[in-house]
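*Asks:* Mapped onto our numbering, the consecutive letters of the sequence shown carry residue numbers 359 to 767.
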Amino acid sequence: MAEWLGRQNLFDDECVESLPDPAFRAEGRHLVSFSTNNYLSIASSPRMVAAARRGLERYGVGNCESRLLGGNLAVYDELERKLAACKSKDAAVLFATGYLTNIGVLSTIPQTSKYARIYGFSGVREYTYAYFCDELNHVSIREGVRMSGAARATYRHLDLNHLEMLLKKSTATTKIIVTDGVFSQDGDIAPLPDLLQLAERYDATLYVDDAHGTGVLGEHGGGIAEHFGVSSERLIYMGTLSKAYGGIGGFIATETSIAKALRLACSAYGFTSTLPPDQAVALCEAIDMVVDEPERRARLWDNQRYFVERMSELSYPLVSTETPIVPILVGHEDAASALAQALAASNIYVDAVRFPAVPLRKARLRVQLNAGHTHGDIDRLVDALRAHEHHLEAMLAAPVRATEDVANP
Ligand SMILES: Cc1ncc(COP(=O)(O)O)c(C=O)c1O
Numbered sequence: 359m360a361e362w363l364g365r366q367n368l369f370d371d372e373c374v375e376s377l378p379d380p381a382f383r384a385e386g387r388h389l390v391s392f393s394t395n396n397y398l399s400i401a402s403s404p405r406m407v408a409a410a411r412r413g414l415e416r417y418g419v420g421n422c423e424s425r426l427l428g429g430n431l432a433v434y435d436e437l438e439r440k441l442a443a444c445k446s447k448d449a450a451v452l453f454a455t456g457y458l459t460n461i462g463v464l465s466t467i468p469q470t471s472k473y474a475r476i477y478g479f480s481g482v483r484e485y486t487y488a489y490f491c492d493e494l495n496h497v498s499i500r501e502g503v504r505m506s507g508a509a510r511a512t513y514r515h516l517d518l519n520h521l522e523m524l525l526k527k528s529t530a531t532t533k534i535i536v537t538d539g540v541f542s543q544d545g546d547i548a549p550l551p552d553l554l555q556l557a558e559r560y561d562a563t564l565y566v567d568d569a570h571g572t573g574v575l576g577e578h579g580g581g582i583a584e585h586f587g588v589s590s591e592r593l594i595y596m597g598t599l600s601k602a603y604g605g606i607g608g609f610i611a612t613e614t615s616i617a618k619a620l621r622l623a624c625s626a627y628g629f630t631s632t633l634p635p636d637q638a639v640a641l642c643e644a645i646d647m648v649v650d651e652p653e654r655r656a657r658l659w660d661n662q663r664y665f666v667e668r669m670s671e672l673s674y675p676l677v678s679t680e681t682p683i684v685p686i687l688v689g690h691e692d693a694a695s696a697l698a699q700a701l702a703a704s705n706i707y708v709d710a711v712r713f714p715a716v717p718l719r720k721a722r723l724r725v726q727l728n729a730g731h732t733h734g735d736i737d738r739l740v741d742a743l744r745a746h747e748h749h750l751e752a753m754l755a756a757p758v759r760a761t762e763d764v765a766n767p
């Protein structure tokens with residue numbers, strides 16, 4: 359039955375024996391990963407592990423409560439204060455995962471005026487909401503917007519003329535532009551200052567998913583706004599704790615009034631258990647590490663520049679070269695998988711990202727650089743890619759096996 363799907367995992371036994379930092383073990387072999395979100399290589403660092411251990415000993419393994427119903431430890435408040443500070447915002451709201459943050463918050467925003475009326479703010483008028491989304495936004499954004507039931511319009515990737523045309527046409531009282539900060543599969547960066555200008559012009563809110571920018575962009579790892587040196591009350595940041603911060607969880611950093619409304623109205627906040635307390639203790643440490651161990655970010659960006667420079671020797675097309683996500687465009691789904699398999703044979707792990715994560719025939723190897731890579735690791739990847747360069751054309755010319763007549767959804 360599953361034959362048509364092909365192999366989903368590069369390893370025969372489907373499991374790895376350790377997690378990439380970025381070196382890892384699988385099938386008794388030592389490999390290096392070029393596809394981990396653990397950008398700063400802190401997830402298994404002694405400092406982070408020691409902090410988690412302190413949390414574990416103090417609080418135990420799980421938080422079996424919602425924060426609204428007796429589960430609100432001071433460490434969650436502390437983590438929120440730290441997250442708000444690193445985004446230069448008044449408040450932050452913590453969620454169990456980044457995915458849950460996007461679906462919870464985006465599905466809730468259009469309901470907040472209803473809650474305000476229920477809670478006695480009788481002056482609150484009937485608002486109409488519309489979302490304006492980049493076509494390459496993360497799937498959790500698309501799901502959250504769909505679940506909201508609000509009007510939605512999609513603009514072509516980074517095409518601000520298209521976005522402006524859609525904003526101009528809209529009669530909604532509340533317009534919300536939603537974009538990835540760093541696009542997770544393409545690695546390019548949303549033009550935040552230009553988006554903010556449009557938000558000002560059309561009195562819109564700008565919701566930025568900074569999952570891949572947090573800890574990575576900006577001098578202190580503050581993310582996309584620090585990178586561009588902008589701030590605005592119109593900006594709502596979403597971020598994850600599962601990438602550069604090396605743990606799990608998601609958050610919104612925003613104005614106090616919006617944070618309060620979300621705590622009241624968002625079921626993904628109030629109707630589920632929050633992240634385990636040892637995680638919260640470890641993540642407080644991670645936020646400090648991102649700031650006071652800047653050499654990690656320096657190594658990450660040095661590796662990014664070195665990889666891009668070395669790739670200029672080869673003919674592979676790169677989707678973008680702006681961030682630590684540097685995807686190699688392959689095209690055909692089977693060819694991308696075959697190339698990933700070939701690299702794995704040389705103990706190099708790179709994800710082959712295929713439809714439906716990216717459009718059909720836009721399959722790619724999503725290379726993610728890491729603070730823990732050495733130039734030697736990068737040389738090995740480039741040399742292995744060079745060895746397979748001439749195979750790629752043959753792979754691409756091979757008869758098409760799958761999905762030939764399927765249109766992109
Ligand atoms: C842009 C973006 N947003 C949200 C998420 C979801 O984050 P999490 O894995 O923390 O649930 C991801 C994860 O891959 C992502 O890339």
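All C-beta atoms in this analysis are idealised placements derived from N, C-alpha and C, irrespective of residue type, glycine included.
Note that the coordinates shown come from a computational prediction; the quantities given were computed from them, not determined experimentally.
Less than 7 Å between the CB of residue 460 and some heavy atom of ligand 1, yes or no?
*Replies:* yes
*Asks:* Taking buried to mean at least 16 other C-beta atoms within 10 Å of its own C-beta, is residue 681 buried or exposed?
*Replies:* buried
*Asks:* With 16 other CB atoms within 10 Å as the buried threshold, where does residue 457 fall?
*Replies:* buried
*Asks:* Can you grab the Cα-Cα spacing for the pair residue 748 / residue 609, in whole Å?
*Replies:* C-alpha separation (whole angstroms): 45 Å.
*Asks:* Please report the Cβ distance between residue 622 and residue 473, rounded to the nearest whole angstrom; I am assuming they are in contact, meaning their Cβ atoms lie under 8 Å.
*Replies:* 6 Å
*Asks:* Where are the alpha helix (DSSP H) runs, 4 residues long or more, that stay fully inside the region 588-661, in chain order?
*Replies:* 614-623, 625-628, 635-650
*Asks:* Closest to residue 454 by CA distance: which of 635, 652, 650 is it?
*Replies:* Minimum Cα distance to residue 454 is reached at 635.
*Asks:* In the structure shown, what three-state DSSP assignment does residue 714 receive?
*Replies:* coil
*Asks:* Give me the DSSP bridge partner(s) of residue 723.
*Replies:* For residue 723, which the question treats as bridged, DSSP gives the partners 686, 710.
*Asks:* May I ask you to check if the CB of residue 397 is nearer than 7 Å to at least one heavy atom of ligand 1?
*Replies:* no
*Asks:* What residue range is occupied by the uninterrupted alpha helix (DSSP H) comprising residue 692?
*Replies:* 691-703
*Asks:* Could you check if residue 572 belongs to the surroundings of ligand 1, using beta carbon to heavy atom distance under 7 Å?
*Replies:* no
*Asks:* According to the Cβ coordinates, are residue 746 and residue 700 closer than 8 Å?
*Replies:* yes
*Asks:* Going along the chain, which residues of its own chain have a beta-carbon closer than 6 Å to the beta-carbon of residue 593, five neighbours each way excluded?
*Replies:* 564
*Asks:* Just mark residue 762 as buried or exposed, buried being the case when its beta carbon has 16 or more other beta carbons within 10 Å.
*Replies:* Reliability of the predicted coordinates at residue 762 is poor, the pLDDT of 43 falling under 50, and no value is obtained from them.
*Asks:* Once the 5 residues before and after residue 672 are set aside, which same chain residues still bring their CB inside 8 Å of it?
*Replies:* 740, 743, 744, 747
*Asks:* Taking the Cβ atom as the reference point for each residue, do residue 550 and residue 583 lie within a distance shorter than 8 Å?
*Replies:* yes
*Asks:* Could you check whether the region 616-632 touches the region 646-662, counting it as contact only if at least three pairs of C-beta atoms, one from each stretch, sit closer than 8 Å?
*Replies:* The region 616-632, when compared against the region 646-662, does not touch it at the 8 Å Cβ threshold.
*Asks:* Mind checking who residue 567 pairs with in its DSSP beta bridge?
*Replies:* 538, 596
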